[in-house]
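Take my numbering: the final residue in the sequence shown is number 892, and no numbers are missing along the way.
Cβ atoms here follow ideal geometry from the backbone N, Cα and C, with glycine treated the same way.
One structure below.
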Amino acid sequence: ENDIPYDDSLSMVDLLEDAIGKYGDNTAVVYKDRKITYRQLGEWTDRVAQYIRSLGIGKEDLVSILIPRCEYLPITAIGVLKAGAAYQPLDPGYPPERLRFMMQDAKVKLLIAEPSLLSLVSDYDGKVLAVDEILKLPERGAELEKPGKDDLFILLYTSGSTGVPKGVMLEHKNLVAFCYWYRRYYEV
Numbered sequence: 705e706n707d708i709p710y711d712d713s714l715s716m717v718d719l720l721e722d723a724i725g726k727y728g729d730n731t732a733v734v735y736k737d738r739k740i741t742y743r744q745l746g747e748w749t750d751r752v753a754q755y756i757r758s759l760g761i762g763k764e765d766l767v768s769i770l771i772p773r774c775e776y777l778p779i780t781a782i783g784v785l786k787a788g789a790a791y792q793p794l795d796p797g798y799p800p801e802r803l804r805f806m807m808q809d810a811k812v813k814l815l816i817a818e819p820s821l822l823s824l825v826s827d828y829d830g831k832v833l834a835v836d837e838i839l840k841l842p843e844r845g846a847e848l849e850k851p852g853k854d855d856l857f858i859l860l861y862t863s864g865s866t867g868v869p870k871g872v873m874l875e876h877k878n879l880v881a882f883c884y885w886y887r888r889y890y891e892v
């Protein structure tokens, strides 16, 4: 039998909020010697989400993230999702022309970036949130509207057989289904 029941009405934000509530003081993110608890992750991602919403960015909007592998990757990605938007990861190792194409093609509304990498996208003239500003963002108590299962989660680009990258859009329900499968299959 291939059909395994699970709650398919949930978004990734629902799953993350559940984990934050259950495991508040447990470690959620580890990068080198830095550790972030689920509670801290919840607070910091809320700040990012509130900031993004304050710019009028939300459902079906795209936010590019251009940072090296570090503890800010999950903070920024989850913050974007909590705002109801989707994110587009940008690999700092890509040539500037590919990054430029991906951002233009996606019509991004915001770039979250490591300041030292901004030269890779020097012709981007939209709004930028520098990662070193994230923990300085104010806490606002406003309730955020959670994304739904059919809302856009991420925009990834293939190499493109024609040499032109092609965008692949995934919705929350795609990753939720994978998470349920993964937990069952690997018994975690």
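For Tyr-884, the enclosing alpha helix (DSSP H) starts and ends at 876-889.
Secondary structure within the segment 713-781: the beta strand (DSSP E) runs of 3 or more consecutive residues, fully enclosed, are 731-735, 738-741, 766-770 (chain order).
Partner residues in the beta bridge of Met-873, as assigned by DSSP, are Leu-859. The alpha carbon of Glu-847 has as its nearest neighbour, out of Lys-786, Ile-761, Val-832, Leu-860, the alpha carbon of Lys-786. The continuous stretches of alpha helix (DSSP H) do not include Leu-833, which lies in the beta strand (DSSP E) extending over residues 832-834. Between Ile-771 and Thr-749, the gap from beta carbon to beta carbon reaches 8 Å or more. Per DSSP, the unbroken beta strand (DSSP E) holding Leu-814 starts and ends at 814-817. Of the residues assessed, Thr-780 falls on the buried side of the cut-off, its CB having 16 or more other CB atoms within 10 angstroms. Membership of Pro-842 in any alpha helix (DSSP H) is not indicated, and neither H nor E is assigned to it by DSSP. Around the CB of Ser-820, fewer than 16 other CB atoms lie within 10 Å, so the residue is classed as exposed. Annotation for Arg-743: Ile-724, Gly-728, Asp-729 place their beta carbon closer than 7 Å to its own, counting only its chain and skipping 5 residues before and after. Residue nearest to Glu-849 within the set Val-892, Asp-795, Gly-788 is Gly-788 (criterion: CA-CA distance). Boundaries of the beta strand (DSSP E) around Ala-790: 790-793.
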